[in-house]
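Report on the following structure.
In the numbering used here, the protein residues as written are 38 to 498.
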């Protein structure tokens, strides 16, 4: 398979894991059209209680099956669900290599009834997945409704919401003499130097070897770096050189430069090729690591990874725009339902998804943002975000829905779509000293601009 074809196949906006709480009782119990199952029409605990079937749920959360997981395990969620629906058996299958295997399973058709949407093109959503309902209706039911919408239909419901920031160890920061969280790239780099000078901790752990953790940096170049809700899906595709330094410490250039400078100045691990994702969670928990750049989904996992949960904190990404910090909030992995499942299994699957979203408490349990539209409760993950404005990326303009994927495919940058290798290259060049950061950004700008010209996409900015 050519690199371009593979890129097109993989290019769908990922957003990177499970559900919320609080039944808003938005719909009364009613007779539901047997031919059209609609999420909004289902009242959990009253509708479809007579169904007896077994559904299969394939997902990435292997940690929630382990006996030593300190949070709520999958078996406990299923047991709670069965108190309302004792005749619906939920089989849970988890996969530690989900990102690699999900597409293969999807194509093979052997994934079951519910899974997390993998990196598929939006135009293929209806081929694989059942619609939850039309977009306008679903906007009244859930947050992040536009993430997996296509042609006016909703195909994915996020398990929870996340926001951009940095997981850090409070005790390490205190021991380093840091008394205020950084709000600019320069302040963060100074703090990392203080950690190196005054503690035994690794200031910034890159998690290079895991790969997917590198692509996570892309999530910060939108609202968190610009303060604009339309940047990621509308402005970026028409920007000729989006990786240029604007000179004010904002935008993509200054996001990636934090990583380059940290590596170049010896503020990361000694050997990036030997980093260990699973081990890093405990290392940050116990003070061997100062911080890691990860979405808020990682906060609860790291808190639960060791004996010092109270030392784990989550801070806003250190970029300030006109005196204000922003955090882009987006849905994590989204539940989807197999369009080829039997009618009973589709109904049972949709009931389970709605129960997970409205009543299970999953999002709060995992330190995520609730997805149910009527629930505005925030977990303590965001204690440091009181002065930060949460914003949500706006969808692409009608008629331009595929532009982002086209540019990613032809530029091979795969921005915010599993573009791990390009971010890994920043670490490699910074460590080897064989290419300047500006040279890297110039190459990215040329690749992006060339892709715009190839696809006839207007350069407006």
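Don't be surprised by glycine CBs; every beta carbon is placed ideally from N, CA and C.
Contact under 7 Å by Cβ, residue i with residue j
i, j, result
"residue 492", "residue 443", "yes"
"residue 204", "residue 354", "no"
"residue 184", "residue 368", "yes"
"residue 431", "residue 255", "no"
"residue 397", "residue 150", "no"
"residue 264", "residue 363", "yes"
"residue 238", "residue 324", "yes"
"residue 352", "residue 202", "yes"
"residue 269", "residue 259", "yes"
"residue 193", "residue 154", "yes"
"residue 374", "residue 385", "no"
"residue 96", "residue 131", "yes"
"residue 467", "residue 300", "yes"
"residue 141", "residue 382", "no"
"residue 461", "residue 245", "yes"
"residue 89", "residue 124", "yes"
"residue 207", "residue 350", "yes"
"residue 427", "residue 366", "yes"
"residue 356", "residue 262", "yes"
"residue 199", "residue 334", "yes"
"residue 376", "residue 166", "yes"
"residue 218", "residue 298", "no"
Spatial distance of residue i from residue j (CA atoms)
i, j, result
"residue 485", "residue 180", "31 Å"
"residue 347", "residue 321", "12 Å"
"residue 87", "residue 168", "23 Å"
"residue 477", "residue 463", "8 Å"
"residue 407", "residue 413", "7 Å"
"residue 475", "residue 178", "45 Å"
"residue 410", "residue 292", "31 Å"
"residue 521", "residue 82", "Nothing about residue 521 can be reported from this structure: the residues present for the chain run from 38 to 498 only."
"residue 495", "residue 272", "11 Å"
"residue 221", "residue 187", "37 Å"
"residue 311", "residue 98", "23 Å"
"residue 434", "residue 454", "19 Å"
"residue 228", "residue 423", "21 Å"
"residue 318", "residue 497", "43 Å"
"residue 176", "residue 170", "10 Å"
"residue 488", "residue 361", "33 Å"
"residue 59", "residue 391", "Interpretation of residue 59 is limited by its pLDDT of 36, a score under 50 that renders its predicted location unreliable; the figure taken from the coordinates is listed afterwards. Computed Cα separation, rounded: 11 Å."
"residue 439", "residue 136", "22 Å"
"residue 274", "residue 143", "29 Å"
"residue 210", "residue 303", "18 Å"
"residue 103", "residue 450", "36 Å"
"residue 420", "residue 490", "45 Å"
"residue 45", "residue 156", "At residue 45, the pLDDT of 41 sits below 50, so the modelled position is not reliable; the number obtained from the coordinates is stated separately. Cα to Cα, the separation comes out at about 10 Å."
"residue 17", "residue 338", "Residue 17 lies beyond the stretch modelled for the chain, which goes from 38 to 498, so this question has no answer here."
"residue 305", "residue 459", "18 Å"
"residue 358", "residue 121", "48 Å"
"residue 566", "residue 469", "In the structure as shown, the chain begins at 38 and stops at 498. Residue 566 is therefore absent and cannot be evaluated."
"residue 295", "residue 309", "16 Å"
"residue 415", "residue 162", "30 Å"
"residue 147", "residue 344", "40 Å"
Residue range of the unbroken alpha helix (DSSP H) whose run includes residue i
i, result
"residue 462", "457–469"
"residue 300", "288–301"
"residue 145", "135–145"
"residue 251", "249–252"
"residue 161", "Per DSSP, residue 161 belongs to no alpha helix (DSSP H) and is neither H nor E."
"residue 507", "Since the displayed the chain opens at 38 and closes at 498, residue 507 lies outside it and no answer follows."
"residue 491", "474–492"
"residue 114", "111–121"
"residue 442", "440–448"
"residue 222", "222–235"
"residue 435", "Element bounds for residue 435: n/a, residue is neither H nor E."
"residue 315", "314–322"
Per DSSP, cross-strand counterpart(s) of residue i
i, result
"residue 190", "171, 187"
"residue 128", "93"
"residue 196", "Answer by DSSP bridge pairing: none, since residue 196 is not bridged."
"residue 360", "Per DSSP, none; premise fails for residue 360."
"residue 241", "305, 328"
"residue 367", "199"
"residue 353", "202"
"residue 427", "364"
"residue 374", "151"
"residue 258", "According to DSSP, which records beta bridges pairwise, residue 258 is partnered with nothing at all."
"residue 179", "409"
The beta strand (DSSP E) enclosing residue i, as first and last residue numbers
i, result
"residue 210", "Counting along the chain, residue 210 falls outside any beta strand (DSSP E), though it belongs to the alpha helix (DSSP H) covering 207–212."
Beta carbon proximity, residue i to chain B, threshold 7 Å
i, result
"residue 359", "Of the protein chains in the structure, only one exists, and it is not chain B."
**Prompt:** Quick one: complete beta strand (DSSP E) runs, 3+ long, within the region 379–424?
**Reply:** none
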